[in-house]
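Here is the structure we will look at, set down as structure tokens.
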Amino acid sequence: MDILNIGDSVTWPPQKLGICLAKFRLLIGSGCALYPLGWNSEEVQQTCSNLSDQFELGTCQLGWAYYCTGGGAAAAMLLCTWLACFAGKKQKQYPY
105 MDILNIGDSV TWPPQKLGIC LAKFRLLIGS GCALYPLGWN SEEVQQTCSN
155 LSDQFELGTC QLGWAYYCTG GGAAAAMLLC TWLACFAGKK QKQYPY
């Protein structure tokens, strides 16, 4: 089994690293999905003309940070899944 070296003393097998990355991307994705549940709070309703509710923002708009986080979570899901598929495979040894 190939081992991924991180620093001098920490080594993780590729399968454990893939599981760890999967947990991280699930946390980021669930945070983006649960974020709109707070839109019915008193502070948000005062800011958004008392028209906001859960998953309905009223007169306010989402900023670029929310879209970047969602896009980053989606990219991490795709990229980390793809990289985890190839992490355990041996590479060809070339004679040069």
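Following this note's numbering, the numbering of the sequence shown begins with 105 at its first residue and continues without gaps. Glycine residues also receive a C-beta, built at the ideal position from the N, C-alpha and C atoms. Being a predicted model, the structure only gives us computed values, none of them experimental.
CB contact flag (residue i, residue j, <8 Å)
i, j, result
"residue 135", "residue 184", "no"
"residue 140", "residue 165", "no"
"residue 188", "residue 125", "yes"
"residue 163", "residue 152", "yes"
"residue 155", "residue 143", "no"
Between the CA atoms of residue j and residue i - distance to the nearest angstrom
i, j, result
"residue 133", "residue 177", "6 Å"
"residue 168", "residue 190", "33 Å"
"residue 138", "residue 180", "18 Å"
"residue 175", "residue 128", "14 Å"
"residue 148", "residue 170", "16 Å"
"residue 197", "residue 145", "59 Å"
"residue 105", "residue 186", "Unreliable positioning characterises residue 105 in this predicted model, as indicated by a pLDDT of 49, which lies under 50. A coordinate reading is not provided."
Neighbourhood of residue i by C-beta distance below 7 Å, restricted to the same chain and skipping five residues each side
i, result
"residue 150", "none"
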